[in-house]
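Chains as they are written, first to last, in our numbering: chain Y, 1 to 439; chain X, 1001 to 1439.
Built from N, CA and C at the ideal position, the CB exists for glycine as well.
These numbers come from a predicted model, not from an experiment.
Each remark here refers to the structure printed beneath this line.
There are 2 protein chains.
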Amino acid sequence: VKATTIRAEVIAIGTELLLGDIVNGNAAWLGRELAAVGVNVDQMTEVGDNRRRIVAAFEVACSRADVVIATGGLGPTQDDITREALAELTGVRVVRDPDLEAALRARFAASGRTEFPTNNLRMADRPEDADILLNPAGTAPGLRVRHGNAVVYALPGVPREMREIFRCHLHDELAAVAGQGTVLLSRQLRTTGIWESEVSHRLADLDAELEAAGNPTIAYLASERGIVVRISAKAGDHASAAAMVDGVDARVRALLGDVVFGVDDDTLEGVVQRLLLDAGATVASAESLTGGLLGAALSTVPGSSAAYHGGVVAYVTAAKTHALGVSSDLLSARGAVDPDVAAAMAAGVRERFGTTYGLATTGVAGPTEQDGKPAGTVYLAVAGPPAGSDAGLRTSVRLVRLSGDRARVRELATQAALDLLRRRLSGLAEDPPPFSIRT
Amino acid sequence: VKATTIRAEVIAIGTELLLGDIVNGNAAWLGRELAAVGVNVDQMTEVGDNRRRIVAAFEVACSRADVVIATGGLGPTQDDITREALAELTGVRVVRDPDLEAALRARFAASGRTEFPTNNLRMADRPEDADILLNPAGTAPGLRVRHGNAVVYALPGVPREMREIFRCHLHDELAAVAGQGTVLLSRQLRTTGIWESEVSHRLADLDAELEAAGNPTIAYLASERGIVVRISAKAGDHASAAAMVDGVDARVRALLGDVVFGVDDDTLEGVVQRLLLDAGATVASAESLTGGLLGAALSTVPGSSAAYHGGVVAYVTAAKTHALGVSSDLLSARGAVDPDVAAAMAAGVRERFGTTYGLATTGVAGPTEQDGKPAGTVYLAVAGPPAGSDAGLRTSVRLVRLSGDRARVRELATQAALDLLRRRLSGLAEDPPPFSIRT
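What follows is the structure, encoded as structure tokens:
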């Protein structure tokens, strides 16, 4: 197997990066995507909205790399000058593209406003020699030019637009060039409710064995949504690489067990929705500390109204009684952060919304304690038929102790609630070892 | 006032940055710190654990800048090679520092472990010409060398250690050189509900005038939460710089009007909470397409239960009737995406939760249309006393047309709902020109 090595550089354009007003998440995202298609990134650069420096950065990157990907500087304002810098780089004029102008005007007209901001027309400009990469997520298109032996792609700095243009226009093109003779496959196993140190402890022997052989390999990534185990394999053809990935996948799952909830782009809310739809079941949410985050997660995926009917945010204690029917005696005896309160919230919302399941959260988001319970103390409850049945009622409560700041505790509590419903729907243990994610 | 301009570059070292396994938060942090002491960062670079490329990156940065700050590559493992690269850069040997070695061994002994990992001794190495910058937060010290006309600082990549060494050893040294007679102040004006192109259009003349004079200046940042206008000023003392910022602040507000909702770290939800508390008022949320995001926003800030009591996610149509009392005749005649439905949701949740205000969202999140209405069509409603009054009931509805994918539409709808309540509480126009944020 002879791998063609494609060398890439990334240039992020924008004075706000140099001032630290924003963190360069685009570069990291591109790094991951390029690695996944087998393209090596040698260097990344951040440069301000300064034409001379932008051109110089392009010039030097093109002298070293096969592929240069730039982000930023394609918006409508006067300091968005990537178009002009590219034209200077390749020695051509900037021209206004009539198709882009027509599309911009049509988009504007559809927005219902009357006075077209002429600045916007800058987004219809392109270097005369540039190919247009249409933007499925916004207004400013991407651009592609050649300079010397390098191909230069310029993408908008808005993360969502940058990603969509990459997916539509760059991904397959780069994978095709990089993959000649070699197939690099990777798969991410997504986990929830387990520490990174526990993952690495359980996989230590497997990791050492794989590292000694060199291919396939595993790596751990601590993401906002749980620890990810990435399996990568190189081979001469797709089937061989896939077989290698499958082999490691099975071994990792045997070691980690049911904390693995999905692969690659799977999300916990997407997995839960699929399980609900498969079971012909519905759910309603009853939230205290999460304040709506659980409902927002359950309604993330298009078409989620088939499974998620809605719910109640009972943020103050009185609302737990009037909107969910939790006994006020129970609340005054125990406070709101209590397993029986969680159970009553789940049962109450299930009854009021007429859904198969009710899913509830109550706890202390922080930063300070509440009723003598420390920040991060969270009770979750699910009420509905027992696993594998569609009749009967079983309510289970799970206590989790989460660390991190207020936002993190609320996010982790939401994930833990989704995981509880996943476990019920999948017939897994509903109170596994303490739920925690390293913060 | 004559400002001494110190030009800096930042070099972050580590293959994990190029693979996107971590985001380069260190660079952004350094960017902010350097801007605050009046040092201009011209360029940032990320390079992998490759000695030739690290040396080349140092060489070129030193040829352009007065100060070069590197992060990463100072740990104990074989791929930590910043020490060796610096020695190659300045043409000296790497030597083992006996004081550092003694400190390492003492630190290890204090940890209670028995077998000293010899790799750790790499952290006692330094280029022969390097000054040691002791690490108050960890093991690996920082290093300082001179090359050509530049001073090079090498700091560990662990964020906490990097920050502590910067604070102890670099901050005052750089501030002293950069700040000879100069104070740099900046303020961010945060807006909502206005396009970036519209901001730059309205500020074009002011921007041109300021740019011609050079100080103070304004810049625009498109963030996920709205467009930000940053005002920066340099002067010989704090009072003069503050007066310059205040002067531009007033001119920007005069041109942008009430779309400016706050400054610096203000958030829309934080501003709304403060307005509610100031008015002694409370709010409940009734959500359809936002699915809980509005409640989550209203409960973001610690102590928000004093103003936010909770709400209902009426995700399916039937829930709008059973949980909020919206007329089923109205719903079957008009569908759920309708101004009168929004108004009835706001009024219904206000009544059920007994709050001062009810705030409602209904609309089409997408990706597909609903009841003949295109994705992005959203009605928002607020029910409660008229502005400036605490009695009476006035319900107003705002139609917004949002662009972007499903997640973006839901997020923007949440922001627009918060903005509607902000406008009611502040006595501002409740139906300003169409709400939109460039996506």
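> Residues in the stretch 1367-1393 of chain X with C-beta within 7 angstroms of chain Y's C-beta atoms, listed in sequence order?
Replying inline: P1367
>> Quick check on the DSSP output: the alpha helix (DSSP H) that includes H1322 of chain X runs from which residue to which?
In response: T1317 to H1322
>> Using C-beta distances below 6 angstroms, list every residue in its chain close to A1137 of chain X, excluding the 5 sequence neighbours before and after it, in chain order.
In response: R1160, E1161 and E1164
> Does the beta-carbon of T1439 of chain X have 16 or more other beta-carbons within 10 angstroms, so that it is buried, or is it exposed?
Replying inline: Note on T1439 of chain X: pLDDT 32, under 50, position unreliable in the model; no value is reported.
> Do you know offhand how far M123 of chain Y's Cα is from E101 of chain Y's?
Replying inline: 8 angstroms
> Which bits of chain X does V313 of chain Y rub up against, with CB to CB less than 8 angstroms?
Replying inline: S1285, G1292, G1295, S1299, G1310, G1311, V1312 and V1313
>> Taking 7 angstroms as the threshold (beta carbon to beta carbon), is V1047 of chain X in contact with chain Y?
In response: yes
>> Please identify the residue among X:G1303, X:V1283, X:A1087 and X:T1077 whose C-alpha is closest to the C-alpha of V1312 of chain X.
In response: X:V1283
> Which stretch, first to last residue, makes up the alpha helix (DSSP H) that contains M345 of chain Y?
Replying inline: P339 to F353
>> Less than 6 angstroms between C-beta atoms, sequence neighbours within five positions excluded: which residues of the same chain meet that for F58 of chain Y?
In response: L89
> Which whole-angstrom value is the C-beta distance of A1150 of chain X and G1142 of chain X, which I expect to be below 8 angstroms?
Replying inline: At roughly 16 angstroms, the Cβ-Cβ gap does not stay under 8 angstroms, so A1150 of chain X and G1142 of chain X are not in contact.
>> By the three-class DSSP mapping on this structure, what secondary structure does N26 of chain Y have?
In response: helix
> Where does R93 of chain Y fall in DSSP's three states?
Replying inline: coil
> What is the rounded straight-line gap between the Cα of R32 of chain Y and the Cα of N26 of chain Y?
Replying inline: 10 angstroms
> Applying a beta-carbon distance threshold of less than 9 angstroms, which residues of chain Y neighbour R1408 of chain X?
Replying inline: A137 and R160
> For L1206 of chain X, which beta-bridge partners are listed by DSSP?
Replying inline: DSSP, once it has assigned bridges, lists no residue as partnering L1206 of chain X.
>> Below 8 angstroms on the Cβ atoms is my contact criterion, and I expect M345 of chain Y with A286 of chain Y to pass it. Report the Cβ-Cβ distance as a whole number of Å.
In response: 4 angstroms
> Sorry if obvious, but does the Cβ on E161 of chain Y come closer than 6 angstroms to a heavy atom of the ligand FMN?
Replying inline: Among the components of this structure there are no ligands whatsoever, and the ligand FMN is therefore not found.
> Can you list, in chain order, the residues of the stretch 13-31 of chain Y whose Cβ is nearer than 9 angstroms to any Cβ on chain X?
Replying inline: G14, T15, E16, L17, L18, L19, G20, D21, I22, V23, N24, G25, A27, A28, W29, L30 and G31
> Curious, which full-length beta strand (DSSP E) runs of at least 3 residues does the stretch 1261-1310 of chain X contain?
Replying inline: 1283-1287
>> Which of the three DSSP states is assigned to Q415 of chain Y in this structure?
In response: helix
>> Does the structure place the stretch 1368-1387 of chain X close enough to the stretch 1405-1424 of chain X that three or more beta carbon pairs sit under 8 angstroms?
In response: yes
> Which word fits F261 of chain Y, buried or exposed, when buried means at least 16 other C-beta atoms lie within 10 angstroms of its C-beta?
Replying inline: buried
> How big is the Cα-Cα spacing for G291 of chain Y and V1316 of chain X?
Replying inline: 19 angstroms
> Can you list, in chain order, the residues of its chain whose CB lies under 8 angstroms from that of E1430 of chain X, leaving out five sequence neighbours each side?
Replying inline: V1382, S1396, R1398, L1420, R1423 and R1424
>> Please state the DSSP three-state secondary structure of S197 of chain Y.
In response: helix
>> Is the beta carbon of V1409 of chain X closer than 7 angstroms to that of L1402 of chain X?
In response: yes
> At a Cβ cut of 9 angstroms, what residues of the stretch 1175-1205 of chain X count as close to chain Y, listed as they run along the chain?
Replying inline: S1186, Q1188, W1195, E1196, S1197, E1198, V1199, S1200, H1201 and A1204
>> Just to confirm my understanding: we take T1368 of chain X, look at its own chain, exclude 5 residues before and 5 after, and list those with CB closer than 8 angstroms. What are they?
In response: A1375
> For the stretch 1351-1368 of chain X, which residues have a CB atom closer than 9 angstroms to at least one CB atom of chain Y, in sequence order?
Replying inline: R1352, F1353, G1354, A1365, G1366, P1367 and T1368
>> Taking the straight line between their C-alpha atoms, what separation do you get for A1176 of chain X and R1144 of chain X?
In response: 17 angstroms
> My guess is that E1009 of chain X and Q1043 of chain X are in contact by the Cβ rule of under 8 angstroms, so how many angstroms apart are they, rounded?
Replying inline: 5 angstroms
>> Quick check on this structure: which residue in Y:V199, Y:S305, Y:G14 and Y:A65 has the alpha carbon closest to the alpha carbon of A254 of chain Y?
In response: Y:V199
> Roughly how many angstroms lie between the CA atoms of H1309 of chain X and G1348 of chain X, to the nearest whole one?
Replying inline: 14 angstroms
>> Assuming contact is defined by CB atoms lying nearer than 7 angstroms, are V1094 of chain X and R1105 of chain X in contact in what I supplied?
In response: no
>> My parser needs the beta strand (DSSP E) runs of 3 or more residues fully inside the stretch 1106-1132 of chain X; what are they?
In response: 1125-1127
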